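Read the structure below first, then the notes.
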Amino acid sequence: MTLLASSLQSYFTDHAHARKGLSPNTIASYRDTWRLLIKHVTAATGVPADKIDLGMLDAQAITTFLDHLEAVRGNSATTRNARLTAIRAVLAVTLPDHPEHADTIARVLAVPTRRGASRTVQFLTIEEAEALLDAPATSTWTGRRDRALLTLAVQTGLRISELTTLTISDLHTGRGAHVTCTGKGRKYRATPLTAATLSVLVPYLAERATRPGAALFPGPRGQHLSRDALERRLAKHVATATERCPSLGAKHVTMHTLRHTAAMRLLQAGVDVAVIALWLGHENTSSTDVYLHADMTIKQAAIDRTRDPHIAPGTYTPTAGVLAFLTSL
Numbered sequence: 001m002t003l004l005a006s007s008l009q010s011y012f013t014d015h016a017h018a019r020k021g022l023s024p025n026t027i028a029s030y031r032d033t034w035r036l037l038i039k040h041v042t043a044a045t046g047v048p049a050d051k052i053d054l055g056m057l058d059a060q061a062i063t064t065f066l067d068h069l070e071a072v073r074g075n076s077a078t079t080r081n082a083r084l085t086a087i088r089a090v091l092a093v094t095l096p097d098h099p100e101h102a103d104t105i106a107r108v109l110a111v112p113t114r115r116g117a118s119r120t121v122q123f124l125t126i127e128e129a130e131a132l133l134d135a136p137a138t139s140t141w142t143g144r145r146d147r148a149l150l151t152l153a154v155q156t157g158l159r160i161s162e163l164t165t166l167t168i169s170d171l172h173t174g175r176g177a178h179v180t181c182t183g184k185g186r187k188y189r190a191t192p193l194t195a196a197t198l199s200v201l202v203p204y205l206a207e208r209a210t211r212p213g214a215a216l217f218p219g220p221r222g223q224h225l226s227r228d229a230l231e232r233r234l235a236k237h238v239a240t241a242t243e244r245c246p247s248l249g250a251k252h253v254t255m256h257t258l259r260h261t262a263a264m265r266l267l268q269a270g271v272d273v274a275v276i277a278l279w280l281g282h283e284n285t286s287s288t289d290v291y292l293h294a295d296m297t298i299k300q301a302a303i304d305r306t307r308d309p310h311i312a313p314g315t316y317t318p319t320a321g322v323l324a325f326l327t328s329l
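First residue of the sequence shown? That's 1 in the UniProt record's numbering, and the numbers climb one at a time after it.
Printed below as a string of structure tokens:
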């Protein structure tokens with residue numbers, strides 16, 4: 001067995017689970033990265049996968065692999081950086097036990113991340129969110145389930161991985177109603193529920209009456225809904241809601257869009273960014289700062305508070321003619 005093979009086995013069977021407590025999704029992402037990397041090196045060098053060792057994975061090899069992800073596989077800068085993080089994670093753990101490869105590993109750890117184009121987050125307006133929540137047909141059980149799920153998602157901003165693993169015991173509808181989940185990094189989080197959300201969830205929960213450990217939003221056989229199944233259900237309801245609210249048709253709505261929607265509602269209500277970061281389960285406020293750039297009404301309000309008191313609030317409207325403008329100067 002090569003040093004690389006033993007290092008990978010040690011990381012994924014011991015370090016990732018027992019020491020770091022990484023989530024199953026993170027472990028799967030790291031695993032897939034290394035599978036892609038090893039296959040790429042094999043294709044590029046002709047060396048069988050079982051013969052590839054640490055010495056072959058220098059900074060040049062890693063950079064070539066990352067460039068391949070963007071150029072051939074069409075991956076974004078974000079995905080490229082996530083793959084680099086997975087490579088760094090394993091090599092950083094390997095370094096202390098194998099100082100003979102210190103120079104090679106150090107150079108890989110120094111490979112810079114790709115700076116991608118920043119995009120404004122997309123979220124639903126109040127009208128769009130209402131149209132979406134009204135889209136499921138409540139005459140059917142699946143419709144009532146979907147309406148309860150979407151209502152919870154829009155109000156709490158839970159990640160799709162958190163929504164798809166909720167059980168009945170995670171929903172607390174008594175005094176101080178809240179939903180609990182285990183998010184990224186296996187961090188426990190409790191999110192308050194509003195009266196409007198409870199008005200949908202409580203009847204659904206009564207209808208759902210079953211053992212506490214059962215899936216809160218189950219599929220046909222009682223199993224947890226998969227991420228793909230949930231996205232398909234959302235797409236179906238977005239198509240229905242677009243008939244009532246055409247502006248939805250111009251947006252690519254995913255479950256993460258609903259998370260952004262929850263964050264924007266909090267921000268527009270005047271909630272501090274630090275509190276929103278805690279609400280969403282972010283490590284720090286830098287992940288939440290993007291919401292400050294997403295809503296022009298917040299920026300307009302800031303301008304109105306700082307403008308000359310003799311100038312009426314509002315945005316600039318140009319005069320009708322260019323000559324009239326030049327004459328007025």
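Even for Gly, the Cβ is constructed at its ideal location relative to N, Cα and C. Note that the structure is a prediction, hence the values are computed from the model and not measured.
**Q.** Residue interval of the beta strand (DSSP E) (run including Y188)
**A.** 188 to 192
With a Cβ-Cβ cutoff of 9 Å, do F123 and T257 count as a contact?
When the beta-carbon positions are compared, F123 and T257 come within less than 9 Å of each other.
What's the call for G281, buried or exposed, on a 16-neighbour Cβ count within 10 Å? buried
| said: Using the Cβ count rule (16 or more neighbours within 10 Å means buried), how would you classify G157? | reply: Classification of G157: buried, given that the 10 Å Cβ count is 16 or more.
Discussion item. For the beta strand (DSSP E) containing V179, name the first residue and the last one.
Written reply: 178 to 182
request  = Out of S76, D50, R147, T142, state which residue places its alpha-carbon closest to the alpha-carbon of G222.
outcome  = Of all alpha-carbon atoms in S76, D50, R147, T142, the one lying nearest the alpha-carbon of G222 is that of T142.
### Message
Relative to the C-alpha of T165, which candidate in A196, A77, L230 has its C-alpha closest?
### Response
L230
Self-check item: Member of A135, T33, T2, L91 whose CA lies at the smallest distance from the CA of H15
Solution: L91
Margin query: Run through the DSSP bridge pairs and tell me what A215 is partnered with.
Written below: T167
Point to revise | Simplified DSSP state of H172, which is helix, strand or coil | key: Strand at H172.
| request: Measure the C-alpha to C-alpha separation of L37 and K187 and round it to an integer number of angstroms. | output: 30 Å
* What are the boundary residues of the alpha helix (DSSP H) that F65 is part of? -> 59 to 71
Inset, instruction - Name the one or two DSSP bridge partners that H224 has. - result: Note: H224 sits in a beta bridge opposite P218.
* Using a threshold of 9 Å, state whether the C-beta atoms of A263 and W279 are closer than that. => yes
Task: Meets three-Cβ-pair contact criterion under 8 Å: the region 7 to 24 and the region 63 to 71 - done: no
Tell me where the alpha helix (DSSP H) around K39 begins and ends.
24 to 45
Cα separation between P136 and P99?
59 Å
Reduced DSSP category for L152 - H, G, I as helix; E, B as strand; rest coil: Three-state result, L152: helix.
Exercise. Give me the Cα-Cα distance between V111 and T167, rounded to the nearest whole angstrom.
Key: 42 Å
query: In its own chain, which residues sit with a C-beta less than 8 Å from the C-beta of R232, not counting the 5 before and 5 after it?
result: none
* Please go through the same chain and pick out, in chain order, the residues whose beta-carbon is closer than 8 Å to the beta-carbon of K251, but skip the five residues on each side of it. => Q122, L124, E128, T257
(Q) Spatial neighbours of T63 within its chain, please: C-beta separation below 8 Å, excluding the five flanking residues on both sides. (A) V111
Looking only at C-alpha atoms, which of E243, D53, L234, T191 sits nearest to H172?
T191
Would you say the beta carbon of D58 comes nearer than 8 Å to a heavy atom of the ligand MN? As for the ligand MN, it is missing from this structure, which has no ligand bound.
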